[in-house]
Amino acid sequence: MTLGEKLKKAREEKHISLAEMQEKTKIQARYIEALENDDYQNLPGEYNTQLFLRAYARQVGLDPDQVIREYQGAPIDDNLKAYEATATRGTRSQQQPKEKTWKRFIPAMILVVIFLVVVGSVSYAFISQHKRFEANNDMNAEYSVDNEVKEPKEAKEEKSAPKDAEKEKKEEKAKESAEAKKKAKEDKEKKKVSVESKAVSTNQINVTAKDIKGKATITLNGSGGRCWVSAVAGGQSLFQGVVEAGAQQTINVPEDTKNVQLQLGNAPMIGVQLNGKEINTSQPTLSKQLTLSFDLSYLKN
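Letter by letter, the sequence shown follows residues 0 to 300 of numbering that gives the first Met the number 0.
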């Protein structure tokens with residue numbers, strides 16, 4: 000039995016569907032099928048293949064170390080073990096117990112129904128009163144129409160057309176001016192952000208960002224090829240997946256988050272920005288498998 004057949008058998012014995020496996024491991028379904036078919040050439044690199052195998056093994060109750068040994072008989076990468084522990088904590092923190100039954104929602108449902116009935120009654124009364132008011136106005140208008148000298152409808156429309164066009168033009172200019180001011184303010188705030196990066200080893204860069212106003216945003220731009228990416232903050236996964244060449248992925252960092260760990264499986268193939276500030280990840284002395292450790296501090300309001 001091949002390794003892929005063994006993985007598939009273990010998944011089926013656990014009664015886990017492909018969709019459930021994708022949700023639990025954050026691995027795309029096509030990569031899961033490639034693992035089960037021993038089709039490793041269609042996976043995004045050797046480093047990512049080992050990550051996928053370890054995540055799969057844990058979900059189906061197999062020994063990740065034994066699976067890696069069976070895959071290539073090579074020593075296990077300590078970086079993979081460290082990442083697995085981080086990713087596992089992030090996944091567990093996102094899982095929520097699903098023990099509530101429909102009976103617990105009955106009080107809330109009753110309150111919602113009462114609220115809807117009250118709102119409906121008030122709305123009906125308001126609409127009825129409004130219709131009566133309009134009917135009275137119509138009667139008064141009909142009574143006084145014979146005493147008024149009205150302009151033809153066409154003449155009124157001709158007079159109002161230039162005014163409407165001028166009003167629309169003013170509103171459009173005001174909107175454009177507001178958007179320009181907003182963009183200028185955002186650009187000014189981005190310039191205030193101080194970002195410094197330093198390579199502390201061949202596979203890690205420490206990034207220090209100061210004077211961030213509002214939320215921090217990490218932008219990933221795919222360039223020469225695909226790159227597997229994982230972003231974790233406070234034990235929670237912010238993003239995990241593959242960024243294709245020419246694609247852009249935005250990671251919104253939760254407010255007041257001070258530390259973010261960003262792992263790149265193929266660093267030269269991707270550009271990284273923090274709030275518009277570029278971070279150099281393709282230095283000749285750096286490894287392709289790269290970790291960016293972000294230390295963030297914010298402006299006080």
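Ideal Cβ positions, reconstructed from N, Cα and C, are used throughout, including at glycine. The model shown is predicted, which means the values in this text are computed figures rather than measured ones.
query: Label F293 either buried or exposed according to how many other C-beta atoms from any shown protein chain fall within 10 Å of its C-beta, with 16 as the threshold for buried.; result: buried
query: By Cβ distance below 8 angstroms, which residues in the same chain neighbour E11 in space, the five residues on each side in sequence not counted?; result: none
query: For the alpha helix (DSSP H) containing Q21, list its first residue and its last residue.; result: L17 to T24
query: Should T285 and T201 be called a contact, given that it needs their Cβ atoms to be closer than 7 angstroms?; result: Here the sequence assigns Leu to residue 285, which means Thr is not the residue at that position. Going by C-beta atoms, L285 is nearer than 7 angstroms to T201.
query: What are the partner residues of I217, as DSSP defines its beta bridges?; result: I250 and L273
query: Say whether the stretch 195-212 touches the stretch 235-247, bearing in mind that this needs 3 or more beta-carbon pairs closer than 8 angstroms, one atom from each stretch.; result: no
query: Should A33 go down as buried or exposed, given a rule of 16 or more other Cβ atoms within 10 Å for buried?; result: buried
query: Is Q288 buried or exposed, if buried means 16 or more other CB atoms sit within 10 Å of its CB?; result: buried
query: Going by CA-CA distance only, name the one from P161, E35 and Q27 that's closest to A9.; result: E35
query: Taking C-alpha atoms, which residue in Q21, Y55 and G270 lies nearest to G223?; result: G270
query: I need the straight-line Cα distance from P167 to K174, nearest angstrom please.; result: Going by the sequence as given, residue 167 is Glu instead of Pro. Cα to Cα, E167 sits roughly 10 angstroms from K174.
query: What span of residues does the beta strand (DSSP E) with D210 cover, start to end?; result: Q203 to I211
query: Taking DSSP as the reference, what is the three-state secondary structure of E150?; result: For E150, the pLDDT reaches just 49, beneath the cut-off of 50, and the residue's location in the model is therefore unreliable, leaving the point undetermined.
query: Tell me whether V194 sits in a helix, a strand or coil according to DSSP, three-state version.; result: strand
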